[in-house]
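Read through the structure below, which is laid out as C-alpha cells, and then see the notes.
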Amino acid sequence: MTRIGSAFLMRLRSVRHENHLKESIPSNSNSHAKLVKPLTGNVESKKLRPQQRINSLRLLFLAFFFLLGIHIFVHWAVPSKHRQSQEILLGLIRVFIDGTVWLISTLLCLYHLLWVPLKHALSKVRNGKLYRWVLIITVGISVGSVMLVLSSIFFSIWSMDTISSLRLGILEASCDPCEVEGLRLNPALRRSWVLPDMIPWRLVERFRGRQGCHRKRGSNIGYIDEMTEMLVVSSLCRDGSKPRVFLECPGNSEMNGQVDTSMDEIVTGDKKYHAELEAKYGTPEKAAREGVIVHRNSKTGFISAVEIAPSKLTPVRREAPHLRELVVRLQWPSKEVLEIPLGRSAAYMVRCQEMKHEEFFLFPVKSNANGDWGVNDTNEANTTHDQKSVVTDKVTEEFHEPAGNVLIILIDALSRQGARRSLPRFVKWVRNFQKRRLSSGTESHRVFEPKGISTLGFSTAGNLCPYLTGTTIVGMGYDRELNIDMMNRTIFNIAKGKYGPAISTAFTVGSCHDFFEALVGNREASSGSGGPLQGVDYYLYQPLCHLEYSGLHSNFEGPYSIFRRCIDGRQVHEHVLDYTKYLLRRQIRQRADATRCEDGMDSHDRPCNASLKKGKYFFDLSYFLEAHEGSHGVIRLVDDALVDFMRHLEEDLRFFDDPLNTFIFAGDHGNHMGPYFEYTNAGQFERTTPAMLYIMHPEVMRRVDLRKGRSAGESMKNFDDRMNRLSTPLDFYMTLGDLTGVSVRPYEEYMKVKVPPASLFDTRVEPSMQGCYDFLTDLHTSLCSLSFCIPRDGS
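Numbering (the working numbering), first residue to last: -7 to 787.
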C-alpha cells in the first residue's frame, strides 16, 4: 500500500510539473533564448561568492569557539583529579550537539525532498526513488532507536525507588548501614538518581558484546596443563613457521629499563627487574647455562627479550591426558608439540613472528624463598615488625596454627550495589551456592554478607591499606609517617614471621603497579615478577606492564580505561584469574602433602600430623581494577569469567570440600569516578558501601574459639551478630588476624575513638554509632556511610 501511495503521489507531482512546463513553453526562438539565459545564470549562481565564503568561515569559527568554550567550562567546573568525569561529560555533550545537527540536517533534507516543489527538473538526486526510501528507512530506524532508549530511560526514572536501590544486597536480604545502627537513610536521597540503573545495558551489550577481547576461534597454538605444570605448544605455526617461546619480554613492556616519568610507582621496580635479569642472564655463560638467547636493545643496551633457545625445543608426540587438551589441540597445525616446563618465569610468550601472532600465559614461579623463613620452637617468629604496633591479645598457648586458609578476591572501587547490578551471574551463583549448602542437611560452608559496612577513607589508600596494615597515612598523621614501617604491619609479614614456610602467601596485582611501594610505602624495591617480597612468597605485577595493557592511568588505556582491557586477545582479568587458579592448585597440593597421615589418608589436622609442615596453609589476595572507571561498564565484562572461576573452585579444585578454606569477595570502596559519583547524592553514598562477602565453614570459627580460649560456638554467635552492626576496614584487618592466627592491633589513634575496631569474631559492647567520628579520628575528612543517615525520629 505504501508503494502504491508513493507512486500515486509521484505521478501527481509529475502531471503538475508537465502542466507547468506547457504553460511556460516558448512560442518563438527569442522567447526560448530568454528562458535559457536565466536557467544558465541560475546554474552559474550556485558557485560560492566571496561573501558567501566569508559567511561560511564565520560559521565555522563560531562553532569552533562554541565547542572550545564548552571544553574550557567543563575542565574548569570539574576537578582535574576526576579526569574521567570531564571526558564522559564532554563525550555526552559532543553526542548531543552532533545528534542535534544531524537531526536538523535530516529534517531539512526531508523537507527539501517531500514538500519543496520541483523547479525546472534541475535536481536529479531528488528524483531518485532508491535514495529517498533509503533515507526514509534510515531516519525511521534512527528515530525509533532513539525513542526506545529515551522511553527506557524515562521509564527507569519514573519507576525508580532510589532508597530501595541503595539498600540492595548481594544476597536477598536488605543491607542498610543506617538501620543496623538504629538510624535511617536520609529521605533526601529519594530525589537522587541511580544513573547506572538507567543505562540500557542489554542494548549496550548488543553493540559491544559480552566477551570483551576477541581472538579468532581456533587460532591459538599454546595450552597450559596445570596438573603437570607444563606449557604445551604446537611445533608449527599456522603459516608453517616454527614458534618462538620467550621467558621475559621487557622490550614489549613499560618496564623496559627507561620507565615513563608519569609512572613513578614502578621506577624502582624497573631497576630491580633489570638487575635480576642481568644477574640471571647477563653474560653469554649464564645464558648458555640457562639455555636461552638474550636479546638487547641496540640503543640502550638493556635486555629486551629472553628467548628459550630453539635447540632446547624438541618436537615430541604427546597423548592428551584429558579431554580439554584434546579439544584444544584438534585444530592445531601439527600433531607434534613442544613441552616447556613452567615455573622459570611468571609470564611465557609464544610468538609466530611472520604472522604477528602472540599468546600470553601467566603461571606462578617456582620459588625457593619459602625456606628462608624459620620457625622457632614455640612457633613464634623472630620478626622485624614494629613490636609497638602489634599487641598480643589473650590467646591460649596450646594452639599455634591459623584458623584456616584464606583466598580474597578484591575488586577496587566496587560497591555492594555495583556488584548486585553489574555481576548478575555471580550474584546468582552465590545465592544458589547458599541454597545448596543450606539444603544439604550437613554442616558446610555458609555465605555471610555484612548488612552495614563503611569506608574509612576516600580511596584505595584510605581503605585497602587499613585492610592489610590496620592504619593509613591519614590515620598516622603526615609528621609521623616515616616513624612506622607499614610493610611490617601487613598480615603477610606478621603471619609469615610467625609460621615461616608453613604458610604460603601471595599478592597478585591486576595492573602495572607496585602496590606495596606506592600505597604501603615499602622501602624495599621489588620487581613484581612473581617472586618473594618479605612476607609475600608470590608477588606479581610486572607481567601486567605489557604494552597492550599499559601502566598509564588514561581514560582509554591501562587500569583506569573505560574500554575493555586486553593482552593478546584475552581480557586482563581472565589472565589474572587463571594465574590464581594455577597458584591455588599448587597450594592445595602442597597442603594435601603436609596434612597426609602415615596411613595415606588426608586428614587436614588430625592428631596424627599436628606439626607445621611447609605449605600446610595459604593466604592469597588477588587484586582487580575493572570497576575503577567512570562508565560502570567494564566491570560487567568480569561477570562470566568470575562465575567460571567460582565453578572451578567448587568442582575442579574442591576448594569448599576443605572446612578450613575461607573465600572472601570484597571491594575497598565504591565507585568514585564519573558523573554518577560527581553529581548525585546516591553516587556519593555508594562510594561508602564497598562489597563484602564471606564464604566460611563453622569449623574455622571453632578454631578461633580454641585459639582465644572461649567456649565453642561463641565466635559463630559473635560473627552472626556483627553482620548486623556497622564494620570498617579496621575490623576486617583484625578479622584477618584471627583467620591467620596472629595477634594484630590497628594503629593506636584508632583505638582511642568512641567505638574502637574489633574482630568480627568478637562481640561489640559499645552502643550504636551515631556518626562517622564515633570510629574515625579527627584527621579524617571524607564521608562515611553514616554521613547519609538521620535519627529515626527525623530530628
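A virtual CB, placed ideally from N, CA and C, is assigned to each residue, including glycine. Since the structure is predicted, the reported quantities are computational estimates derived from the model, not experimental observations.
- Residue ranges of uninterrupted alpha helix (DSSP H) with 4 or more members, entirely inside the region 410 to 461 and ordered along the chain, are 416 to 431, 456 to 461.
- Secondary structure of C537 (DSSP, three-state): helix.
- Secondary structure note for I332: its beta strand (DSSP E) is the uninterrupted segment 328 to 333.
- CA-to-CA, the gap between C167 and L84 works out to about 33 Å.
- Taking C-beta atoms as the reference points, L722 and Y742 count as a pair closer than 7 Å.
- Residue environment analysis places E346 among the exposed positions, since fewer than 16 neighbouring C-beta atoms fall within 10 angstroms of its C-beta.
- Contact annotation: T461 and T447 have beta-carbon atoms that are not nearer than 7 Å.
- For the pair of segments examined, the region 536 to 553 was found not to touch the region 323 to 335: the number of CB pairs separated by less than 8 Å stays below three.
- Proximity to V512 across E240, N480, A494, G522 peaks at N480, based on C-alpha coordinates.
- Straight across, the Cα-Cα distance linking E218 with G675 is about 42 Å.
- Comparing C-alpha distances from P235 to each of L52, C344, D712 shows the shortest one belongs to C344.
- About 36 Å separates the beta carbon of N455 from that of E351, a gap too long to meet the 8 Å contact definition.
- Around E516, the same chain offers M479, L525, Q526 as residues with beta carbons nearer than 8 Å, after the five sequence neighbours per side are excluded.
- Listed in chain order, the non-local C-beta contacts of G550 below 8 Å within the same chain comprise S503, C504, Y541, S542, G543, L544, R557, local neighbours out to five positions each way being set aside.
- Using a 10 angstroms sphere on the CB of K608, the tally of other CB atoms reaches 16 or more, which defines it as buried.
- Membership of F711 in the alpha helix (DSSP H) is indicated by the continuous run 706 to 714.
- L354 sits in a strand when the DSSP states are folded into three classes.
- Annotation: Y552 is outside any alpha helix (DSSP H) and is labelled neither H nor E by DSSP.
- In the DSSP assignment, H287 falls within the beta strand (DSSP E) that extends over 284 to 288.
- The beta-bridge partner set that DSSP reports for Y340 consists of F353.
- Fewer than three pairs of CB atoms, one per stretch, sit closer than 8 Å, so the region 276 to 294 makes no contact with the region 309 to 319.
- Contact between A498 and D612 holds: CB atoms are separated by about 4 Å, below the 8 Å threshold.
- Between G396 and T654, the alpha-carbon positions lie close to 7 Å from each other.
- With respect to the 7 Å criterion, F353 and Y574 are not classified as neighbours on the basis of their beta carbons.
- At a Cβ-Cβ threshold of 7 Å, G444 and P169 count as neighbours.
- Setting aside the 5 residues that flank it on each side, C781 is surrounded in the same chain by C170, L175, each with a C-beta closer than 6 Å to its C-beta; the list follows chain order.
- The criterion of a C-beta distance shorter than 7 Å is not satisfied by Q534 and Y340.
- Between the C-alpha atoms of Y215 and G561 there is a straight-line separation of about 14 Å.
- Fully enclosed beta strand (DSSP E) runs of no fewer than 3 residues occupy 175 to 177, 214 to 217 of the region 168 to 225, in order along the chain.
- In the DSSP annotation of this structure, the continuous segment of the alpha helix (DSSP H) that includes T732 starts and ends at 721 to 732.
- A direct Cα-to-Cα measurement between E221 and K488 gives close to 26 Å.
- Beyond the five residues adjoining it in sequence on each side, L160 comes within less than 8 Å, by CB distance, of S166, C167, R408, Q409, R412, R413 in the same chain, given in chain order.
- Fully enclosed alpha helix (DSSP H) runs of no fewer than 4 residues occupy 259 to 273, 276 to 282, 315 to 321 of the region 253 to 331, in order along the chain.
- Burial of D570 is indicated by the presence of at least 16 other C-beta atoms within 10 angstroms of its C-beta.
- Assigned with DSSP and collapsed to three states, Y739 falls in coil, not helix or strand.
- With a threshold of 16 other beta carbon atoms within 10 Å, S137 falls short and is exposed.
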